[in-house]
Amino acid sequence: MTAHNNETQLEYCVNTTECSGCLACVEMCPDLFGWDDINEQVIIKKECADADEVAQAMAYCPNDCIESPD
Ligand code: SF4
């Protein structure tokens, strides 16, 4: 776990095998997640993000495929 700007930051990733492409994470956290139209999969936009944002995205993912190694 690393700290930047006095906020807790978490690494995060998406298990693309489990991802259904519902785009909930992209709509909720567009600064963290994007959508690759060519490969039709979620793009991770940052190496790490605010822990609360990551936790929120994890909670809303219907397939539990947003993961954090921390
Ligand atoms: S919310 Fe989960 S299932 Fe939906 S696009 Fe994001 S990672 Fe994939």
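Per this note's numbering: the sequence shown = residues 869 to 938.
Glycine included, C-beta positions come from ideal geometry on N, C-alpha and C.
As the structure is a prediction and not an experimental result, all values here were calculated from the model.
Inset, instruction - Go ahead and label HIS872 buried or exposed: buried means 16 or more other beta carbons lie within 10 angstroms of its beta carbon, across all protein chains shown. - result: Translated into positions along the sequence shown, residue 872 becomes position 4. Only weak support exists for where HIS872 lies, its pLDDT of 49 falling under 50; the value from the coordinates is given anyway. So HIS872 counts as exposed.
Inset, instruction - Please report how far the alpha carbon of THR870 lies from the alpha carbon of LEU878, in whole angstroms. - result: On the sequence shown, position 2 is the one that residue 870 refers to. On the sequence shown, position 10 is the one that residue 878 refers to. Note that THR870 has pLDDT 48, beneath the 50 cutoff, so the model's placement of it is unreliable and no number is given.
Inset, instruction - Run the proximity test for ALA923: is its beta-carbon closer than 7 angstroms to any non-hydrogen atom belonging to the ligand SF4? - result: On the sequence shown, position 55 is the one that residue 923 refers to. The answer is no for ALA923.
Legend entry - C-alpha gap between GLY902 and ILE911, whole angstroms: As a first step, residue 902 must be located in the sequence shown, where it is residue number 34. As a first step, residue 911 must be located in the sequence shown, where it is residue number 43. Roughly 5 angstroms between the two C-alpha positions.
Legend entry - Check: PRO930 C-beta below 7 angstroms from any heavy atom of the ligand SF4: Numbered from 1 along the sequence shown, position 62 holds the residue referred to as residue 930. PRO930 Cβ: within cutoff of the ligand SF4.
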